[in-house]
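Residue numbers (full-length UniProt numbering): 1 to 149. Ideal Cβ placement from N, Cα and C applies to all residues, glycine included.
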């Protein structure tokens, strides 16, 4: 879609992929045809509809989906309380689900648009130091004992 951001093209030209020919099924999907205008600019040229990807429309549409997903996760009460109680963590969790359906370039744009921040470095590396000390003590005991022959 990013290739078609600068020029208008027919939908058949946009929705084609040599690696995934079955994507052409979308051209017969009524829901897709109704919604494609939410992320594109549309022109009628000589009785032919031509489309151009509109990044700002797409980001706004994805943002709405993000908010609905976030609200649904809270409403369904299916997440741990620690995730729901922390807005940043909930945003990261919701964004992670949403990213499964976006290509990497679009995911990066959406992340910036939604202001989703990466977790602080110390949050990723929480290690129970008491267990670590115990493990180190065990290794010291093993090293100090002479081997039986």
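Cβ-Cβ distances below 7 Å link residue 97 to 69 in the same chain, with the five nearest sequence neighbours on each side left out; the list follows chain order. A direct Cα-Cα distance of roughly 18 Å separates residue 24 from residue 101. Restricting attention to 49, 89, 95, 119, the CA atom closest to the CA of residue 109 is found in 95. Rounded to the nearest angstrom, the gap between the Cα atoms of residue 90 and residue 51 is 35 Å.
The criterion of a C-beta distance shorter than 7 Å is satisfied by residue 26 and residue 15. Between residue 44 and residue 33, the alpha-carbon positions lie close to 15 Å from each other. Residue nearest to residue 66 within the set 19, 111, 6, 10 is 111 (criterion: CA-CA distance).
Residue 40 and residue 81 have their C-alpha atoms some 38 Å from each other.
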